[in-house]
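In this note's numbering, the protein residues as written are 169 to 616.
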């Protein structure tokens, strides 16, 4: 008759829990964020210091947990299968005696059945208690799990360090023998821009980020991909004055439009000389000093940039040259428009209202499942709202604004008020024109 011992059973439970310890350690130290650990260290947690030492050498830590999992699993397979096989044979023998049935436990079919059943039982314990349960716990409570398991894992790493080094050396030797380069093993994750965007999207879905916060991050990530042309104030909207202008004309224009910086041009708008800041007029006697007024004494410099200049390079240049205004020119040398520091900042954080901005400033809003927007809204801003409402985006050929995209759809025709233009998914209704310029548009999704 087969024999079993309670100590064998306790040893099996120990091996299952030992396997669970290494699995939980592996997932916890991969999952826990260094920022969380640093915060605990700053709060005075000594255990967090141990956690940091482990995640700082994550390759060695994970190799140690893999070694522990392997040793525990092999031992569990050897001891556990034999124990449960013997236990089942005892149960069968006992059943035979109680029922006076002549059961031969040495019969190949019974012996094989007991072996398979014992294998399935130990597999069940190993997978559920030794693998899945600790993995789930450590993923959900990575910080707490790492704090609890850091000290025992540290001592296991110390004790098995010589053995682990031998295994690593052996593995690398085999790779070199078959002409496979040894990888520069590192588990410190470096994310691509697209991966960061996916992480942000997941954080929004989980409620970890507000829409404003996510928009800021997305705008910063896209910052280097945008050019000056995408945020400029177009030439038609530029308010400038000739070089022979007077202080009164400068102040009148500033008062009418709320601008504090006024571009000054020579013969034409394509000949920008600089700009005047209205604060430089403080101290002038507008009635008596007009005859001696020389605009060149208060004229500030501007920089001339191509329309495809990246925004990050433009911001650096404007900071370096300490200028607030950049003139954007096209390939023919004509002015396309102007960009200010405020335009660049507004691309990142959204509209910045100051005491001179009109309260009626309008760009885009959602009303009754439709989008009401300014015609000159950038494609990127429009697509952000479009994606939020309908889950789609428009893809213009070359236009930077919604009005430009609509002109592309018109194929050479100029739209009129109340005209409706369609693409494959959307319809655009022109609600206001200023001359030939599209001022406002209502966008709706086409119901098919």
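Backbone N, C-alpha and C define an ideal beta-carbon position, used for all residues, glycine too.
Check whether the Cβ atoms of residue i and residue j sit closer than 8 angstroms, and answer yes or no.
i: residue 403; j: residue 503; result: yes
i: residue 192; j: residue 302; result: yes
i: residue 219; j: residue 314; result: yes
i: residue 609; j: residue 570; result: yes
i: residue 507; j: residue 400; result: yes
i: residue 496; j: residue 396; result: yes
i: residue 574; j: residue 589; result: yes
i: residue 290; j: residue 245; result: yes
i: residue 613; j: residue 594; result: yes
i: residue 285; j: residue 332; result: no
Out of the options, point me to the one whose CA is closest to residue i's CA.
i: residue 463; options: 471, 444, 478 and 473; result: 444
i: residue 430; options: 419, 285 and 386; result: 419
i: residue 465; options: 489, 486 and 432; result: 432
i: residue 236; options: 225, 223 and 188; result: 188
i: residue 564; options: 512, 508 and 546; result: 546
i: residue 185; options: 209, 204 and 240; result: 240
i: residue 542; options: 512, 606 and 574; result: 606
i: residue 222; options: 238, 200 and 211; result: 200
i: residue 317; options: 588, 190, 589 and 613; result: 190
i: residue 468; options: 426, 446 and 485; result: 446
i: residue 226; options: 293, 202, 245 and 538; result: 202
i: residue 474; options: 537, 482, 511 and 498; result: 498
i: residue 510; options: 290, 486, 258 and 440; result: 486
i: residue 599; options: 540, 338, 280 and 398; result: 540
i: residue 178; options: 204, 247, 450 and 369; result: 247
Helix, strand or coil for residue i, going by three-state DSSP, please let me know.
i: residue 502; result: coil
i: residue 220; result: helix
i: residue 360; result: coil
i: residue 169; result: Note that residue 169 has pLDDT 46, beneath the 50 cutoff, so the model's placement of it is unreliable and the number below is only indicative. Reduced to three states, the DSSP call for residue 169 is coil.
i: residue 491; result: coil
i: residue 395; result: strand
i: residue 617; result: This structure does not reach residue 617, given that the chain is present from 169 up to 616, and the question cannot be answered.
i: residue 355; result: Confidence is the limiting factor: at residue 355 the pLDDT is only 48, short of 50, which leaves the residue's position unreliable, though a coordinate-based value still follows. Looking at residue 355 - three-state DSSP - the assignment turns out to be coil, as it is neither helix nor strand.
i: residue 541; result: strand
i: residue 330; result: helix
i: residue 507; result: strand
i: residue 478; result: strand
i: residue 603; result: coil
i: residue 554; result: helix
i: residue 527; result: Annotation note: pLDDT 48 at residue 527 (below 50); position unreliable, coordinate value reported separately. In the structure shown, residue 527 sits in coil (DSSP, three-state: anything other than H, G, I, E or B).
i: residue 341; result: helix
i: residue 186; result: helix
i: residue 573; result: helix
i: residue 410; result: strand
i: residue 564; result: coil
i: residue 213; result: coil
i: residue 401; result: strand
i: residue 285; result: helix
i: residue 546; result: strand
i: residue 383; result: helix
Pull up the DSSP beta-bridge partners for residue i, would you.
i: residue 445; result: 429
i: residue 468; result: 443
i: residue 496; result: 473 and 505
i: residue 613; result: 594
i: residue 349; result: Answer is none; residue 349 lacks a bridge partner.
i: residue 533; result: 540
i: residue 588; result: 597
i: residue 608; result: 542 and 600
Given 8 angstroms as the limit, is there contact between the stretch 322-332 and the stretch 219-233, that is, 3 or more CB pairs closer than that? yes
Please determine if the stretch 188-205 and the stretch 295-312 are in contact, where contact requires at least 3 C-beta pairs separated by less than 8 angstroms. yes
How do the stretch 236-254 and the stretch 205-219 stand: do at least 3 beta-carbon pairs fall below 8 angstroms, yes or no? no
Is it the case that the stretch 391-398 contacts the stretch 471-489, given that we only count it when at least three CB pairs across the two stretches are under 8 angstroms? yes
Under 8 angstroms, with one C-beta from each stretch per pair, do the stretch 575-591 and the stretch 405-416 reach the 3-pair mark? no
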